[in-house]
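According to this note's numbering, the stretch in the sequence shown is residues 3 to 640, in order.
Note that the Cβ used here is the ideal one computed from N, Cα and C, for glycine as well.
Here the structure comes first, spelled out in structure tokens, and everything after it is commentary.
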Amino acid sequence: MIQYNPSLKLNKLLIFTNDGKIAYNQSFHDGVNIIRGHNSSGKSTIANFIFYVLGGDFNKWTAKAFRCKEVIAEIEINSAKITLKRSISDRGMQPMSLFWGNYEESKIAGSENWEIYPYKRSETKKSFSNALFVALGFPELRGDVDSNITMHQILRLIYIDQKSLTGDLLLTDNFDSSITRTTVADLMLGVYDDSLYADKLSLRENAKTFEISNKQFEGIQKIFSSTGAETDFNVINASIAHNLEELRRIEDVINKDEDENYSVEIDKVEKDNIEILKKELLAEKRNYSEILEQIEYYEYEVLDSNEFILSLQKRNEAIDESLVTRELLGVIDITHCPHCLNVLTSVENEDDCKLCKQRLPEDTIKSHHKKMQQELDNQIRESKMLLKDKESTLQQLKSEVPSSVNKIRSIQNEVDELLNHYKSKRNRNLDSLIEKKGELKSKNQFLIQQQKAITQIDVLKKELKILTDNINNLKASINTKENAQKTKLLQAYHDIQSFTLKILKSDLGRQREFSNARKVELDFARNTYSLDGQNNFSESSNVYLKNSIRFAIFFASLKHPFLRFPRFILCDNIEDKGMQADRSKSFQREIVRLSQDSNVQHQIILTTSMVDEELNMTNLCVGDFYNEDNKTLQNLDG
């Protein structure tokens with residue numbers, strides 16, 4: 003059998019009573035699993051327990067279900083065995099405990115080997131949905147919807163229950179939104195692309211940066227063109243050099259005539275004030291120096307954190323690659339030792355390694371890989387939070403620089419004013435030279451600013467070129483990915499329609515429109531569906547149509563590996579709304595036939611009170627035929 007990932011399979015379901023007895027204990031298999039029995043024998047309760055233990059938000063338990071304490075499930079996600087556990091409660095949004103291994107291993111494992119995840123994620127703790135999404139290999143959901151997409155929302159497309167409104171395409175939920183439903187659909191149908199979202203976000207950021215940089219570029223150019231200022235970098239350099247030489251000459255004259263100055267003694271009070279200001283100036287300069295050191299430190303920390311996160315992400319990718327490599331090497335018949343090139347001796351057990359002769363516990367290895375991925379994912383999340391704090395601190399430090407510089411200038415000005423007040427009188431020639439010196443310094447400062455502006459123009463030109471290239475490349479990438487999305491969506495909808503019509507036409511002719519049906523439409527935004535533009539058939543026919551569509555989505559996932567529907571479906575709705583027995587049995591036979599025709603690993607769990615005679619008592623059935631005297635939940639009397 004071929005395996006398409008993501009894949010989900012229920013291996014074992016156990017329900018324990020409040021006093022620790024086993025109320026339900028059944029194993030499930032690949033393909034079709036039929037839970038059968040009379041009405042009110044507890045079939046729907048088991049379906050609800052499966053929905054709940056897989057992550058559904060459910061608290062409307064029956065009185066007998068409330069006599070149970072917890073539900074445990076051994077599942078397989080992408081061939082890795084994981085054990086899930088949830089407590090039964092009348093409150094919603096209950097947490098989940100996960101053990102990265104099979105149920106037998108979980109029984110002997112200490113509590114420290116179980117990981118407890120909340121229903122909703124927080125800044126410091128991810129939810130069990132996040133953990134299961136990582137295990138399933140779902141892409142990271144971006145934007146406003148990421149916190150709303152949970153296992154509960156995913157299961158709304160997987161679980162066909164009895165309580166939902168017949169006209170609702172997904173399981174009825176009073177607190178959802180159209181964007182949540184469409185995101186779930188895009189995710190499950192394989193068209194959601196987190197890299198496309200990243201490209202669109204990057205395009206917006208690049209376009210915004212381009213607009214700002216282009217305004218700066220045009221503004222500087224406009225100033226230069228209106229003032230007629232020099233734009234040749236070398237000419238400006240020559241002017242600066244000439245002014246510096248003139249300044250050096252003036253400085254020599256001033257120093258030579260310094261002995262002509264006479265000083266006035268500064269009184270003690272003013273001298274003390276100057277000393278106080280000098281101490282303040284020194285302290286602020288030290289503070290400024292410390293700020294610069296801290297900025298340098300945090301710039302390094304941010305760079306180091308980014309590199310560390312990148313290394314964690316690469317290690318996460320390497321785990322997936324190691325599994326693929328192992329699977330590839332597993333099918334290669336190795337005959338010689340890669341080290342000494344001698345012929346390898348045969349192994350006694352086909353599960354043993356041909357090189358080291360050690361037993362290869364396949365499911366344990368895959369579960370261990372999943373656990374490692376979860377640990378790496380936790381490290382990545384924590385590192386990103388720390389990085390955010392470091393970036394915030396760095397930004398705060400950078401914002402302190404201007405105020406510190408201004409404070410230094412302010413104190414220096416106060417010192418200069420006090421000193422200038424007591425400076426010696428100079429002759430007019432010296433004052434003239436000092437004035438000339440100031441003018442030359444101002445000219446050079448202006449020329450340096452001109453150079454900076456010219457450099458900025460050059461930098462902006464290069465930046466605008468890079469931004470233009472980025473924008474064009476992103477637009478091309480977005481266009482390619484959107485076209486790929488459209489192609490995938492067309493393929494998915496084509497086969498969903500094809501399977502729906504196939505199931506409908508296997509009906510017994512009770513609804514004439516089913517036999518001649520041509521077009522199936524799904525509207526996830528409005529949570530509805532139609533057949534040839536209508537869905538106002540009889541209640542039983544509407545149920546038949548809805549079930550056909552939901553199973554069609556499932557069977558389409560067995561045809562196209564790009565669908566993220568996890569090749570698992572749970573149905574508790576076959577005989578709802580007065581469905582006749584022969585019609586229900588016909589539907590069961592068609593589902594079994596389509597299942598047996600597929601060579602892709604999958605699992606179907608369905609409940610029925612009208613099991614088809616050809617299917618009853620076969621290996622497709624799970625547990626007994628339940629009735630009033632033998633209900634699904636046992637040992638509730640204690």
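Between the stretch 54 to 62 and the stretch 75 to 88, the count of Cβ pairs shorter than 8 Å is three or higher; the stretches touch. Between phenylalanine 130 and lysine 71, the C-beta spacing is not below 8 Å. Comparing C-alpha distances from serine 508 to each of Arg595, Leu492, Thr620 and Glu384 shows the shortest one belongs to Arg595. For arginine 595, the enclosing alpha helix (DSSP H) stretches over residues 583 to 599. Across the structure, asparagine 446 and asparagine 245 are spaced so that their CA atoms are roughly 7 Å apart.
When DSSP states are grouped into helix, strand and coil, leucine 533 belongs to the strand group. Contact annotation, proline 8 with leucine 138: C-beta distance approximately 4 Å; criterion of less than 8 Å satisfied. The three-state secondary structure of phenylalanine 140, taken from DSSP, is coil. Taking C-beta separations shorter than 7 Å and ignoring five residues to either side along the sequence, the partners of serine 204 in its chain run Leu476, following chain order. Excluding residues up to 5 positions away in sequence, Pro8, Phe140, Leu189, Met190 and Gly192 lie with their Cβ nearer than 7 Å to the Cβ of arginine 566 in the same chain. DSSP links leucine 12 through a beta bridge to Ile77. The Cβ atoms of isoleucine 118 and threonine 610 lie no closer than 8 Å to each other. Taking the CA atoms as reference points, arginine 512 sits about 23 Å from aspartate 163.
Straight across, the Cα-Cα distance linking leucine 503 with lysine 561 is about 16 Å. For aspartate 188, the uninterrupted alpha helix (DSSP H) segment begins and ends at 180 to 190. Annotation: the continuous beta strand (DSSP E) that includes asparagine 27 extends over 24 to 29. When Asp418, Asn415, Glu441 and Glu309 are compared, the shortest CA-CA separation from isoleucine 382 is found for Glu309. Excluding residues up to 5 positions away in sequence, Ile162, Asp163, Gln164, Val545 and Asn549 lie with their Cβ nearer than 7 Å to the Cβ of asparagine 575 in the same chain. With fewer than 16 neighbouring CB atoms inside 10 Å of its own CB, arginine 93 falls in the exposed class. The three-state reading of DSSP puts asparagine 637 in coil, since its state is none of H, G, I, E or B. A Cβ-Cβ contact shorter than 8 Å links lysine 359 with valine 349.
Taking the Cβ atoms as the reference, serine 43 lies roughly 6 Å from threonine 634, within the contact range of under 8 Å.
For tyrosine 119, the enclosing beta strand (DSSP E) stretches over residues 117 to 119.
Between the stretch 385 to 398 and the stretch 300 to 308, the count of Cβ pairs shorter than 8 Å is three or higher; the stretches touch. For glutamine 155, the uninterrupted alpha helix (DSSP H) run begins and ends at 153 to 160, by DSSP. Secondary-structure assignment with DSSP links glycine 33 through a beta bridge to Gln605. With respect to leucine 143, isoleucine 156 sits apart: the two C-beta atoms are not nearer than 8 Å.
Spanning the alpha carbons of serine 600 and serine 91 requires a straight line of approximately 39 Å. Under the DSSP definition of a beta bridge, valine 522 partners with Leu533. In the DSSP assignment, the residues bridged to glutamate 72 are Phe18 and Ser89. A distance of 8 Å or more separates the beta carbons of cysteine 573 and arginine 38.
The shortest CA-to-CA distance from serine 444 to any of Ser241, Gln397, Asn236 and Phe68 is the one to Ser241. Cβ atoms of asparagine 529 and arginine 183 come within 8 Å of each other, at about 6 Å. Within the stretch 536 to 579, the runs of alpha helix (DSSP H) at least 4 residues long that lie entirely inside it are, in chain order, 541 to 561. Here lysine 127 is exposed. Its C-beta has fewer than 16 other C-beta atoms within 10 Å. For the alpha helix (DSSP H) assignment, the stretch 430 to 505 encloses no uninterrupted run of at least 4 residues.
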